[in-house]
Amino acid sequence: MPKFVVNRNAAQLAPVELGARVKALRQARQWTLDEAGTHMGLSRAALSKIERNEMSPTFQTMQKLAQGFGLEWVELIGSRPGVAGAGSQAPTCRRSVTRADEGARYDMPNYGIRLLTGELKNTAFVAAEVQIKARAFAEYKDWDRHNDEDFLFVLAGEMVLHTEHYAPVTLSAGDSVYFDACMGHACVSIGPEDARALWITQPIAR
């Protein structure tokens with residue numbers, strides 16, 4: 000599959016070994032597979048396959064894993080522990096620069112993700128460069144949905160955004176869309192190359 004960043008630093012850009020990370024987090028809590036599965040709402044078999052890298056979790060499954068461990072999902076796939084402001088739950092005066100050849104990457108079945116500002120914790124939003132790998136809506140087993148507001152800006156290529164309550168919309172480079180991610184959604188590339196987008200996600204205050 001085509002990569003969506005230039006590989007100038009292989010060590011920096013190596014995809015996250017999610018299976019090993021999930022296993023290490025589980026063992027650090029001294030949980031069995033059954034106990035961890037209960038915390039996350041996942042079956043023992045599914046969790047075992049994730050730990051053995053035999054299954055690539057969907058975005059929804061990633062959220063279940065993170066919530067089960069008490070982490071933000073970006074911490075689950077981030078390349079290093081998040082940095083928060085000293086002595087404050089609402090850190091200020093922070094800055095994060097992500098170069099073109101940096102950022103933790105993770106491949107999901109239908110998306111490739113490169114985290115931006117991935118070393119920060121407790122940010123108001125999560126920003127990522129997303130490669131849209133799916134080529135047909137049928138490649139999704141179910142809608143993606145999560146309790147966030149999403150903003151998507153197409154950087155390159157052409158894609159279709161499918162949503163639960165609206166007709167599909169075609170987006171090209173330079174186009175953007177905001178949507179409530181609690182609504183089922185799925186993205187599909189339709190051009191000769193995989194579309195790439197800046198994807199910003201912010202939790203919804205309910």
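Take 0 as the starting number for the sequence shown in numbering that gives the first Met the number 0 and just add one per residue. We put the CB at the ideal spot given by N, CA and C, even for glycine. Note that the structure is a prediction, hence the values are computed from the model and not measured.
Residue i, buried or exposed, once every other Cβ within 10 Å from all chains shown has been counted against 16
i, result
"asparagine 109", "buried"
"isoleucine 76", "buried"
"serine 87", "Note that serine 87 scores a pLDDT of 43, beneath 50, so its modelled location is shaky and nothing firm can be said."
"aspartate 33", "exposed"
"valine 82", "Because valine 82 carries a pLDDT of 47, less than 50, the predicted location of this residue cannot be relied on, and the following value inherits that uncertainty. Exposed, by the Cβ-count rule."
"proline 80", "At proline 80 the pLDDT is 47, less than 50, meaning the model places this residue with poor confidence; the figure from the coordinates comes in the next sentence. Exposed, by the Cβ-count rule."
"phenylalanine 3", "Residue placement at phenylalanine 3 cannot be trusted, given a pLDDT of 34 that sits under 50; what the coordinates show is reported in the next sentence. By the 10 Å Cβ count, phenylalanine 3 comes out buried."
"alanine 19", "exposed"
"arginine 25", "buried"
"lysine 140", "exposed"
"arginine 113", "buried"
"lysine 132", "buried"
Sheet register partners of residue i (DSSP bridge)
i, result
"phenylalanine 38", "Note that residue 38 is histidine in the sequence shown, not phenylalanine. DSSP lists no partner for histidine 38."
"glutamate 157", "Ser171"
"isoleucine 112", "Tyr105 and Val129"
"proline 202", "Asp147"
"valine 176", "Leu151"
"arginine 195", "Gln130 and Ala155"
"histidine 184", "Asp143 and Thr162"
Cβ-Cβ separation, residue j to residue i (assumed contact under 8 Å), whole Å
i, j, result
"valine 125", "glycine 111", "The Cβ separation is near 16 Å, so there is no contact."
"alanine 127", "tryptophan 198", "5 Å"
"aspartate 143", "threonine 200", "Not confirmed; about 11 Å, so no contact."
"leucine 70", "isoleucine 49", "Contact flag wrong, Cβ pair sits at about 15 Å."
"leucine 119", "threonine 97", "About 10 Å separates the two Cβ atoms, so there is no contact after all."
Beta-carbon gap between residue i and residue j smaller than 8 Å
i, j, result
"arginine 134", "serine 188", "yes"
"glutamate 157", "serine 175", "no"
"phenylalanine 136", "alanine 185", "yes"
"tryptophan 72", "glutamine 59", "no"
"isoleucine 203", "asparagine 146", "yes"
"glycine 183", "threonine 162", "yes"
"alanine 99", "glycine 67", "no"
"alanine 65", "methionine 54", "no"
- Query: Three or more C-beta pairs closer than 8 Å, one from the segment 173–183 and one from the segment 99–108: is that the case here?
  - Reply: Flag = no, the segment 173–183 and the segment 99–108 do not touch.
- Query: Pairing CB atoms from the segment 135–154 with CB atoms from the segment 185–194, are three or more of them under 8 Å?
  - Reply: Contact between the segment 135–154 and the segment 185–194 is present, because at least three Cβ pairs lie under 8 Å.
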